[in-house]
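This report concerns only the one structure given below.
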Amino acid sequence: MKTTYLLTPNFPPDICGIGDYSDYLHRNLEENNFDNQIITFSDNKSSDNKINCIKIADKKSIKAWLNCLKPVQEVNAIIIQYEPYSFSKIGIPLYLIYIFGILKFKGYKVSIMFHEVATRLYIANPKKIAVSFLQLSIAYFLTAISSVRTTSTRFNAKQLIPFKFNLLPISSNFTRKTVQTSNSNQLVIGCFANRVDGFFAEVIDKILEKSTGVVYLIGKQNKANNPVWEKHNFYQNKRLFLTGTLSAQEIQQVFDQLTIFAHMEKIDLKGRGGASLKNGTLAAALNWGLPVVTSKGDMTDETFLQHQHNIFFVNNPFSADDWADSIIKLSANVTLSNTISQNAARFYKEVLSWETITKKYISLYNPVKM
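Per the numbering used here, the very first residue in the sequence shown carries number 407; after that it's consecutive.
Structure representation (structure tokens):
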């Protein structure tokens, strides 16, 4: 069986988003008898012979990449998991063209998986026009020579027309092991702590002001938020629970208590951003069948995320009152809340579950299509 390599810019034990996703994907592929190996950038060598580490200083070296790879005839495909900032702070870096091109020249089948927006044109901002066009040009080039074209959102596919993409959205890194029904009538709201900035701190204030519910801020507490959280008295509020960093099992225990989830996804004044299928946080909430309140922007594919069907969009994402009112009204509307909950769970199983995602990867890459 030929080997398929998954290139991920980071990987556990590093705490990261795309690395955790790649870890789950790697394990699910292996469980389905798909010969898969990881290539990642790390100065710490792994004891697992399936995980190949390129030193961070050598990530631009084709020699370092080739040292990780089996001969061409033994390789099915190399999949580059692309998301911004892990590779470059200004978008798709030029060295990827060089690496990509050399690997293709040597006969390897290489693909790039777009998990994040790296192709958006900022034509309204003169300072970003040149960088945006450069990013888009690189994206077109890498897409054109990819063996398989994949993305986690249709937005990226639209940015790179006329190429046809296969949609492989982000699944949840937290698995619901049991189906529990809460007997509590209390409103219990969850959101991830790393998304709570000054504006969303105001949203939380409004929720606590207008309801008798409690709020869980889930996950790592970013030190950058301390002044904001102190200003809003988060550390002393008895109706606000700061969980800190949690294990997967502890996160599951928190999710089992929630009755609604606030997916605090920002959009800017031009409508850029919003909830999308590239987000594992959203996938986790849908995995639990939680009614999700979130914002809609140009990243939102309404073919999948449908208002008052499997998700609930706020009317005004720039209004803290509207966020709080939407959460409270949805929780009070038992019929609508149950409908969204049931449809969310069904949507996760059919579109976002690891079983579905794994089957799609295998169908695309075994054997790889030209």
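A virtual CB, placed ideally from N, CA and C, is assigned to each residue, including glycine. Bear in mind that the values here come from a model prediction, so they are computed numbers and not experimental data.
For residue i, which three-state DSSP category applies?
{"i": "ASN458", "result": "strand"}
{"i": "GLY604", "result": "helix"}
{"i": "ASN632", "result": "helix"}
{"i": "VAL720", "result": "coil"}
{"i": "PHE647", "result": "strand"}
{"i": "ALA470", "result": "helix"}
{"i": "LEU500", "result": "helix"}
{"i": "LEU413", "result": "strand"}
{"i": "LEU475", "result": "coil"}
{"i": "LEU736", "result": "helix"}
{"i": "LEU623", "result": "strand"}
Could you pull the start and end residues of the alpha helix (DSSP H) that residue i belongs to?
{"i": "HIS432", "result": "424-437"}
{"i": "ALA690", "result": "686-693"}
{"i": "ILE657", "result": "654-661"}
Do residue j and residue i count as a contact pair if the criterion is CB distance below 8 Å?
{"i": "PHE417", "j": "SER448", "result": "yes"}
{"i": "ASP441", "j": "THR409", "result": "yes"}
{"i": "PHE647", "j": "TYR622", "result": "yes"}
{"i": "TRP694", "j": "ARG582", "result": "yes"}
{"i": "PHE520", "j": "ASN572", "result": "no"}
{"i": "TYR411", "j": "ILE445", "result": "yes"}
{"i": "PRO499", "j": "PHE506", "result": "no"}
{"i": "ILE850", "j": "ASN455", "result": "As displayed, the chain neither begins before 407 nor continues past 776, which places residue 850 out of reach and without an answer."}
{"i": "PHE569", "j": "ARG555", "result": "yes"}
{"i": "LEU475", "j": "SER558", "result": "no"}
{"i": "GLY686", "j": "GLY423", "result": "yes"}
{"i": "ARG645", "j": "VAL609", "result": "no"}
{"i": "LYS702", "j": "SER553", "result": "no"}
{"i": "PHE718", "j": "VAL740", "result": "no"}
{"i": "ALA599", "j": "LYS626", "result": "yes"}
{"i": "ILE595", "j": "ALA530", "result": "no"}
{"i": "LEU574", "j": "ILE763", "result": "yes"}
{"i": "LYS616", "j": "ILE734", "result": "yes"}
{"i": "GLY604", "j": "VAL634", "result": "yes"}
{"i": "ILE484", "j": "VAL516", "result": "yes"}
Thinking residue i and residue j are a contact (beta carbons under 8 Å), I'd like their distance in whole angstroms, please.
{"i": "ALA681", "j": "THR700", "result": "4 Å"}
{"i": "ALA545", "j": "THR525", "result": "5 Å"}
{"i": "LEU758", "j": "ALA689", "result": "5 Å"}
{"i": "ILE624", "j": "THR649", "result": "5 Å"}
{"i": "LEU593", "j": "ILE666", "result": "7 Å"}
{"i": "PRO773", "j": "ASN482", "result": "6 Å"}
{"i": "LEU692", "j": "TYR754", "result": "4 Å"}
{"i": "LEU696", "j": "ALA750", "result": "7 Å"}
{"i": "SER577", "j": "TYR771", "result": "With a Cβ gap of about 17 Å, SER577 and TYR771 do not count as contacting."}
{"i": "TYR491", "j": "ILE518", "result": "Incorrect: roughly 16 Å between the Cβ atoms, too far for contact."}
{"i": "SER538", "j": "TYR528", "result": "5 Å"}
{"i": "ASN721", "j": "ASP727", "result": "The Cβ separation is near 10 Å, so there is no contact."}
{"i": "ILE657", "j": "PHE580", "result": "5 Å"}
{"i": "MET705", "j": "PHE606", "result": "Actually they are not in contact, since the Cβ atoms of MET705 and PHE606 sit about 18 Å apart, beyond 8 Å."}
{"i": "LYS534", "j": "VAL478", "result": "With a Cβ gap of about 39 Å, LYS534 and VAL478 do not count as contacting."}
Span of the beta strand (DSSP E) holding residue i?
{"i": "GLN487", "result": "481-488"}
{"i": "ILE666", "result": "666-669"}
{"i": "PHE598", "result": "594-598"}
{"i": "ASN442", "result": "442-447"}
{"i": "THR700", "result": "698-700"}
Do residue i and the ligand MG come close, with the Cβ less than 7 Å from some heavy atom?
{"i": "LYS469", "result": "Here there are no bound small molecules, and the ligand MG is not part of this structure."}
Exercise. Quick one: complete alpha helix (DSSP H) runs, 4+ long, within the segment 502-584?
Worked result: Given a length threshold of 4 residues, each whole run of the alpha helix (DSSP H) inside the segment 502-584 is given here in chain order: 532-550 and 560-565.
For this session: Counting only runs of 4+ residues fully inside the segment 739-771, write out the alpha helix (DSSP H) ranges in chain order.
Result: 740-753 and 760-771
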